[in-house]
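Peer 1: Note that UniProt numbering numbers the sequence shown so that position 218 is 218, with each residue one more than the last. Below are the structure tokens for one structure; questions will follow.
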Amino acid sequence: MRPPKDHKRSIRSVILTLIALIAGAAIIFKAWELVAVLENKLVALETNVGADQPEQVCIEPAQRKSWTTLSREEKAEYIRAVKCLAERPSYLNPNSTVYDDFSYIHITMGNAMHMGSGNLPWHRLHLHLYEQALRSECGYGGLQVYWAWEEESEDPIHSDFFDPETGFGGNGNLTGDHLSPEDSMTRIDKNRCLVDGPFKDLQPQWYARLPDPKSVDPYVDPVFDPHCITRSFTEAFKDPKKHAKEFPPIPFGPNAVSKLLAIEDYSEFNLAAEAMHAWLPVSVGGDYMALTAPNDPTFYPHLTNIDRMWWKWQAKNGKKKGMAYDGATYRLSEVNASLDDIIPFPAFIGLDRPMRIRDMMDTESDYLCYTY
Ligand SMILES: [Cu+2]
1 MRPPKDHKRS IRSVILTLIA LIAGAAIIFK AWELVAVLEN KLVALETNVG ADQPEQVCIE
61 PAQRKSWTTL SREEKAEYIR AVKCLAERPS YLNPNSTVYD DFSYIHITMG NAMHMGSGNL
121 PWHRLHLHLY EQALRSECGY GGLQVYWAWE EESEDPIHSD FFDPETGFGG NGNLTGDHLS
181 PEDSMTRIDK NRCLVDGPFK DLQPQWYARL PDPKSVDPYV DPVFDPHCIT RSFTEAFKDP
241 KKHAKEFPPI PFGPNAVSKL LAIEDYSEFN LAAEAMHAWL PVSVGGDYMA LTAPNDPTFY
301 PHLTNIDRMW WKWQAKNGKK KGMAYDGATY RLSEVNASLD DIIPFPAFIG LDRPMRIRDM
361 MDTESDYLCY TY
């Protein structure tokens with residue numbers, strides 16, 4: 001077994017690697033190239049998936065619930081529906097599944113949206129379509145759930161969220177040789193498979209290496225490589241009290257959330273929300289460290305909580321903040337963001353037309369129709 005690495009140094013080097021990758025790409029990347037690629041990818045939408053569906057009207061927005069408030073039966077039902085998605089045939093690739101489609105989309109399109117103003121709206125659409133897929137493909141009667149981690153920030157590891165019986169299961173395999181956090185960003189640590197919980201036998205199909213900083217292509221090629229879900233909890237995450245100086249790696253408790261919600265400017269809020277979201281990936285490791293983070297089913301309740309933060313922020317100042325949107329369109333872009341920007345997404349179930357940023361601004365619109 002490798003000697004254990006200094007935890008703080010590992011986290012710092014992971015963050016530095018991310019910054020270096022982004023900075024390196026910024027020097028050589030030209031915004032128009034990305035826009036052109038994104039627009040090419042959107043052509044598929046003209047096939048009008050689901051265009052014959054009647055237009056829905058939002059009369060009473062349904063409420064997304066907190067994981068910890070669900071009954072045992074409700075949790076079991078959500079988990080059943082997630083596992084069912086991994087049995088449903090893909091809309092995008094032969095011999096693949098709807099569950100894998102979401103990871104595939106997160107690699108091929110999400111990478112351009114991270115660190116750009118489109119980050120929050122793009123993920124709102126991603127979550128909405130996942131929720132719709134659970135309902136239409138797998139007969140799930142509820143809505144997407146969120147994990148309110150700010151309420152469990154002192155000891156998140158013992159949240160029932162990671163419960164092996166009623167939740168998403170715990171850490172990966174602890175025996176045998178393992179990759180360092182840096183290496184686990186570029187390779188699957190197949191010795192870190194889940195050992196308990198309902199997703200122990202799930203085999204996500206895609207993996208994404210981090211983009212080459214010297215490449216001008218904003219896209220990361222998905223690698224077809226079926227594997228177990230891997231997790232590699234940091235020592236600080238496993239025992240926050242013992243490692244109080246190192247945990248949280250990025251603050252995500254009630255004070256941090258209050259500070260986040262007090263931000264005035266949209267683009268600043270968007271980047272701060274994205275920075276806050278990183279506490280879980282850098283604590284859980286494994287699949288979470290790649291753009292295929294949606295391979296881990298905890299990704300969705302986690303990101304839904306970030307969406308909830310945005311919803312709260314939007315609600316704070318009525319219509320003015322509700323429609324606040326500025327900054328740069330895409331990551332590394334120099335083009336000003338606009339509410340009329342098209343959100344890059346492939347033709348998909350639940351998506352009957354290209355969506356614009358403005359379609360994601362109000363969760364109680366006819367298309368989205370949910371609240372928290
Ligand atoms: Cu993402």
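The beta carbon of each residue, even a glycine, is placed where N, CA and C say it ideally should be. As the structure is a prediction and not an experimental result, all values here were calculated from the model.
Grab me the residues of Lys75's own chain with a C-beta within less than 6 Å of its C-beta, minus the 5 sequence neighbours each way, in chain order.
Peer 2: The count along the sequence shown starts at 1 and reaches residue 75 at position 75. Within the same chain, Thr166 come within 6 Å of Lys75 by CB-CB distance, once the 5 residues on both sides are set aside.
Peer 1: Helix, strand or coil: how does DSSP classify Trp206 here?
Peer 2: As a working note, residue 206 is residue 206 in the sequence shown. Strand, per DSSP.
Peer 1: If contact is defined by three or more beta carbon pairs under 8 Å, each pair taking one atom from either stretch, is the segment 76 to 91 in contact with the segment 219 to 238?
Peer 2: no
Peer 1: Please name the residue, chosen from Ile79, Asn93, Leu70 and Glu137, that lies closest to Ile349 on a Cα-to-Cα basis.
Peer 2: Locating residue 349 in the sequence shown gives position 349, where the first residue counts as 1. The shortest Cα separation from Ile349 among Ile79, Asn93, Leu70 and Glu137 belongs to Glu137.
Peer 1: Would you report the Cα separation of Tyr207 and Thr175, rounded to the nearest angstrom?
Peer 2: The count along the sequence shown starts at 1 and reaches residue 207 at position 207. The count along the sequence shown starts at 1 and reaches residue 175 at position 175. Tyr207 and Thr175: Cα-Cα distance of roughly 23 Å.
Peer 1: Would the beta-carbon of Asp287 fall within 8 Å of that of Asn295?
Peer 2: Start at 1 with the first residue of the sequence shown, and residue 287 comes out as number 287. Start at 1 with the first residue of the sequence shown, and residue 295 comes out as number 295. Yes, the Cβ-Cβ distance between Asp287 and Asn295 is below 8 Å.
Peer 1: Between His128 and ligand 1, is there a pair consisting of the residue's CB and a ligand heavy atom that are separated by less than 7 Å?
Peer 2: Counted from its first residue, the sequence shown places residue 128 at position 128. For ligand 1, not one heavy atom lies less than 7 Å from the Cβ of His128.
Peer 1: Can you find a heavy atom of ligand 1 that lies under 7 Å from the Cβ of His302?
Peer 2: By one-based count along the sequence shown, residue 302 stands at place 302. His302: no, Cβ never under 7 Å from ligand 1.
Peer 1: Would you say Trp286 touches ligand 1, meaning its beta carbon is less than 7 Å from a heavy atom?
Peer 2: Counted from its first residue, the sequence shown places residue 286 at position 286. The identity of residue 286 in the sequence shown is Gly, whereas the question assumes Trp. No, the Cβ of Gly286 stays beyond 7 Å of every heavy atom of ligand 1.
Peer 1: What does the Cβ neighbour count give for Pro254, buried or exposed, with the cut at 16 atoms within 10 Å?
Peer 2: Translated into positions along the sequence shown, residue 254 becomes position 254. The residue is exposed, with fewer than 16 neighbouring Cβ atoms inside 10 Å.
Peer 1: Suppose contacts are defined by Cβ-Cβ distances below 8 Å. Is Gly327 in contact with Asp362 by that definition?
Peer 2: Taking the first residue of the sequence shown as position 1, residue 327 is located at position 327. Taking the first residue of the sequence shown as position 1, residue 362 is located at position 362. In this structure, Gly327 keeps its C-beta atom at 8 Å or more from the C-beta atom of Asp362.
Peer 1: For the candidate residues Val284, Asp177 and Leu127, whose alpha-carbon lies nearest to that of Pro368?
Peer 2: To locate residue 368, count along the sequence shown from 1; it is residue 368. Per the sequence shown, the amino acid found at residue 368 is Leu instead of Pro. Among Val284, Asp177 and Leu127, the Cα nearest to that of Leu368 is on Leu127.
Peer 1: Which same chain residues end up closer than 7 Å to Tyr372 when comparing Cβ atoms and leaving out the 5 residues on each side of it in sequence?
Peer 2: For the purposes of this step, residue 372 is taken as the residue at position 372 of the sequence shown. Cβ neighbours of Tyr372 beyond the five flanking positions: Gln63, Arg64, Arg308 and Trp311.
Peer 1: With distances taken from CA atoms, which of Pro164, Leu280, Met355 and Asp177 is nearest Ser153?
Peer 2: Along the sequence shown, read from residue 1 onward, the residue named residue 153 stands at position 153. Residue Leu280 is the option with its Cα nearest to Ser153.
Peer 1: Return yes when the Cβ of Arg187 is within less than 8 Å of the Cβ of Asn173, no when it is not.
Peer 2: As a position in the sequence shown, residue 173 is number 173, starting the count at 1. As a position in the sequence shown, residue 187 is number 187, starting the count at 1. No.
Peer 1: Taking DSSP as the reference, what is the three-state secondary structure of Arg356?
Peer 2: Counted from its first residue, the sequence shown places residue 356 at position 356. Note: Arg356 maps to strand in three-state DSSP.
Peer 1: Shorter than 8 Å from the beta carbon of Gly327 to some beta carbon of chain C?
Peer 2: Looking at the structure shown, chain C is missing, and only one protein chain is on hand.
Peer 1: Name, in chain order, the residues that DSSP records as bridge partners for Gly172.
Peer 2: Position 172 of the sequence shown, counting from 1, holds the residue named residue 172. The partner list for Gly172 (beta bridge, DSSP) reads Leu194.
Peer 1: Who are the Cβ neighbours of Pro3 in its own chain at under 7 Å, not counting the five residues just before and after it?
Peer 2: Here the question's residue 3 lines up with position 3 in the sequence shown. With a pLDDT of 35 at Pro3, under the threshold of 50, the modelled position of this residue cannot be trusted; read the value that follows with caution. Excluding positions up to five away in sequence, the list is empty.
Peer 1: Going by the C-beta, is Gly110 closer than 7 Å to any heavy atom of ligand 1?
Peer 2: Mapped onto the sequence shown, residue 110 falls at position 110. The answer is yes for Gly110.
Peer 1: With three or more beta-carbon pairs closer than 8 Å as the criterion, would you say the segment 135 to 150 touches the segment 259 to 275?
Peer 2: no
Peer 1: Output the distance between the C-alpha atoms of Ala324 and Tyr266, rounded to the nearest integer angstrom.
Peer 2: As a first step, residue 324 must be located in the sequence shown, where it is residue number 324. As a first step, residue 266 must be located in the sequence shown, where it is residue number 266. One C-alpha to the other measures close to 6 Å.
Peer 1: Grab the span of the alpha helix (DSSP H) containing Leu129 for me, first residue to last.
Peer 2: In the sequence shown, counting from the first residue as 1, residue 129 sits at position 129. Asn119 to Cys138 is the extent of the alpha helix (DSSP H) around Leu129.
Peer 1: Out of Gln56, Glu364 and Pro156, which has the shortest C-alpha to C-alpha gap to residue 376?
Peer 2: Any property of residue 376 remains undetermined from this structure, which presents the chain solely from 1 to 372.
Peer 1: Where does the unbroken alpha helix (DSSP H) through residue 380 begin, and where does it stop?
Peer 2: Since the first residue shown for the chain is 1 and the last is 372, residue 380 is missing from the structure and cannot be characterised.
Peer 1: Determine the closest residue to Met115 out of Asp359, Ala278, Phe299 and Thr298, with distance taken between C-alpha atoms.
Peer 2: For the purposes of this step, residue 115 is identified with residue 115 of the sequence shown, where counting begins at 1. The shortest C-alpha separation from Met115 is found at Ala278.
Peer 1: If you follow the alpha helix (DSSP H) that Pro281 is part of, which residue opens it and which one closes it?
Peer 2: Locating residue 281 in the sequence shown gives position 281, where the first residue counts as 1. From DSSP, the alpha helix (DSSP H) with Pro281 extends over Trp279 to Val284.
Peer 1: Taking 8 Å as the threshold (C-beta atoms), are Pro204 and Thr304 in contact?
Peer 2: Translated into positions along the sequence shown, residue 304 becomes position 304. Translated into positions along the sequence shown, residue 204 becomes position 204. Contact flag unset, no.
Peer 1: Check Tyr330 in the structure and name its three-state DSSP category.
Peer 2: One-based indexing of the sequence shown puts residue 330 at position 330. Note: Tyr330 maps to coil in three-state DSSP.
Peer 1: Helix, strand or coil for Asp225 per DSSP?
Peer 2: Within the sequence shown, residue 225 is the residue found at index 225, counting from 1. DSSP places Asp225 in coil when its eight states are reduced to three.
Peer 1: Please report the Cβ distance between Pro346 and Ile107, rounded to the nearest whole angstrom; I am assuming they are in contact, meaning their Cβ atoms lie under 8 Å.
Peer 2: Counting from 1 along the sequence shown, the entry for residue 346 is found at position 346. Counting from 1 along the sequence shown, the entry for residue 107 is found at position 107. The pair is not a contact, with the Cβ atoms about 12 Å apart (cut-off 8 Å).
Peer 1: If you draw a straight line from the alpha carbon of Asn336 to that of Ser117, how long is it in whole angstroms?
Peer 2: Translated into the one-based positions of the sequence shown, residue 336 becomes position 336. Translated into the one-based positions of the sequence shown, residue 117 becomes position 117. Cα-Cα distance, rounded: 9 Å.
Peer 1: Between His123 and ligand 1, is the CB less than 7 Å from at least one heavy atom?
Peer 2: The residue you call residue 123 lines up with position 123 of the sequence shown. Yes; taking the cut-off as 7 Å, the Cβ of His123 has a heavy atom of ligand 1 nearer than that.
Peer 1: Does Glu150 pass the burial test, meaning 16 or more other C-beta atoms within 10 Å, or should it be called exposed?
Peer 2: Counting from 1 along the sequence shown, the entry for residue 150 is found at position 150. Looking at its Cβ environment, which holds 16 or more other Cβ atoms inside 10 Å, Glu150 is buried.
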